[in-house]
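Protein chains in written order, with this note's numbering: chain A, 50 to 207; chain B, 50 to 207. Glycine is no exception: its CB is placed at the ideal position from the N, C-alpha and C atoms.
Protein chains: 2
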Amino acid sequence: MEKYYTIGDVAARTGISAHTLRYYDKEGLLSFVKRSESGTRLFTKEDFEPLYTITVLKKSGMPIKKIREFMTLYLQGNKTIHDRYVMFNEQRQSLLEQIAELEDMLKIVDYKCWYFQEAEKRGDINYYKKLPEQEVDQRIIEFNKIVDDFREGVAKED
Amino acid sequence: MEKYYTIGDVAARTGISAHTLRYYDKEGLLSFVKRSESGTRLFTKEDFEPLYTITVLKKSGMPIKKIREFMTLYLQGNKTIHDRYVMFNEQRQSLLEQIAELEDMLKIVDYKCWYFQEAEKRGDINYYKKLPEQEVDQRIIEFNKIVDDFREGVAKED
DNA sequence: ATAGATGTTAGAGTATACTCGAAGTCAAGA
DNA sequence: TCTTGACTTCGAGTATACTCTAACATCTAT
Chain A
50 MEKYYTIGDV AARTGISAHT LRYYDKEGLL SFVKRSESGT RLFTKEDFEP
100 LYTITVLKKS GMPIKKIREF MTLYLQGNKT IHDRYVMFNE QRQSLLEQIA
150 ELEDMLKIVD YKCWYFQEAE KRGDINYYKK LPEQEVDQRI IEFNKIVDDF
200 REGVAKED
Chain B
50 MEKYYTIGDV AARTGISAHT LRYYDKEGLL SFVKRSESGT RLFTKEDFEP
100 LYTITVLKKS GMPIKKIREF MTLYLQGNKT IHDRYVMFNE QRQSLLEQIA
150 ELEDMLKIVD YKCWYFQEAE KRGDINYYKK LPEQEVDQRI IEFNKIVDDF
200 REGVAKED
């Protein structure tokens, strides 16, 4: 006799609501889950691995439709190992790009935090414009260069 | 005589479509943009800085409504410098958390890439289950521990 | 045996962020 | 002058991912 988990059990353990789990099932992400005679979903211990994989792909920014593609491969067993590797490898690239973009944004936001503090000290958001050029902090000059590039249409491929 | 940019100019330079720019305006993000007598939006050189700031906040994951709050502060000038600092500082925290989460996901995805390659070599997605325990790679043991925690409901606060 | 908790489905509703279409206005060149 | 292209608004449509409700079934514990 195997132990089964109901949708409520799974919801309580994983933090994914029962509503969301049913939605995922409807979207074809949970085809591996067995049903009782009366239709109740019966999750097994083993089902938590693909379920965990779904959460990882979700948090990596993969849309539901593409996760469904992955799960379709998963259901086909050993003959799709390579295809699944390819999908994860692409997702790896996507993650690297997302992280790089957020790190770029972090740099700008860090600068802005610094700049707002400087401006607050002086009570003037445009204080640097009244300074002789040599006294303007390099960070401000660099930021203004970025904004100039933005205005000139440099690197608008996103 | 000041040079003006139309919405089409701005779209071409920034890569943000004119449709999207009008949508942003409707949502209150572009209240700083002047209009001609006949209603045409007239962007100035200076408008590109707040516009750039909007793109940075967007790419940092800030929702439009919150960007509107920021722009409301922006329009009020020097008396809101501190509030704007606070918003950017919060966004900084949010970015650090997003990056940390994506890096966690990257670790899992890296592992999965490695594991799929190992499984592909052996033609069996569950090859390790047939191995004597001492021969199972440490990475597999650690991953299984993570899945076990997931099933046990450890760290479901997200 | 029956109440109450939990399960089921289908389908509607919400939130976010666009994205597009229609109908009309306006300015500049042939 | 007239056509053309770019601008305007309003409102509808799309995509994604939930989130919830209603009506009903089933399981469990007293």
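Could you spell out where the alpha helix (DSSP H) holding A:LEU122 opens and where it closes? DSSP places A:LEU122 inside the alpha helix (DSSP H), whose first and last residues are 113-124.
Please name the residue in B:LYS170, B:GLU169 and B:ILE189 whose C-alpha comes closest to that of B:LYS178. Among B:LYS170, B:GLU169 and B:ILE189, the Cα nearest to that of B:LYS178 belongs to B:ILE189.
In this structure, how does DSSP classify B:LEU91 when only helix, strand and coil are distinguished? Assigned with DSSP and collapsed to three states, B:LEU91 falls in strand.
Would A:TYR134 pass as an interface residue toward chain B - the criterion being a Cβ-Cβ separation below 8 Å? Yes - at least one Cβ of chain B is within 8 Å of the one on A:TYR134.
With a threshold of 8 Å between beta carbons, is B:THR89 in contact with chain A? Closer than 8 Å: no.
Does the beta carbon of B:LEU144 come closer than 8 Å to any beta carbon on chain A? Chain A, which has a Cβ nearer than 8 Å to the Cβ of B:LEU144, makes this yes.
For a contact meaning CB atoms closer than 7 Å, what does B:MET154 contact in chain A? Neighbours of B:MET154 in chain A, taken as residues whose beta carbon is under 7 Å from its own, are VAL105, LYS108, SER109 and LEU144 in chain order.
Once DSSP output is grouped into helix, strand and coil, what is the label at B:TYR177? Per DSSP, reduced to three states, the secondary structure at B:TYR177 is helical.
So B:PHE137 contacts chain A; which residues on that side make the cut at Cβ distance below 7 Å? Proximity of chain A to B:PHE137 at the Cβ level (cut-off 7 Å) is accounted for by VAL158, LYS161, CYS162 and PHE165, in chain order.
Under 8 Å by Cβ, that's how I've got A:LEU78 and A:ARG117 pegged, so tell me the actual separation to the nearest angstrom. Taking 8 Å as the upper bound for CB-CB distance, A:LEU78 and A:ARG117 are in contact here, some 6 Å apart.
Span of the alpha helix (DSSP H) holding A:GLY57? Secondary structure note for A:GLY57: its alpha helix (DSSP H) is the uninterrupted segment 56-63.
Can you tell me whether A:LYS161 is helix, strand or coil according to DSSP? DSSP places A:LYS161 in helix when its eight states are reduced to three.
Pick out whichever of A:GLY110, A:THR55 and A:ASP159 has its Cα sitting closest to the Cα of A:GLU139. The residue with the shortest Cα to Cα distance from A:GLU139 is A:GLY110.
Neighbour flag for A:THR121 against chain B, beta carbons, 8 Å: Output row for A:THR121: interface = no.
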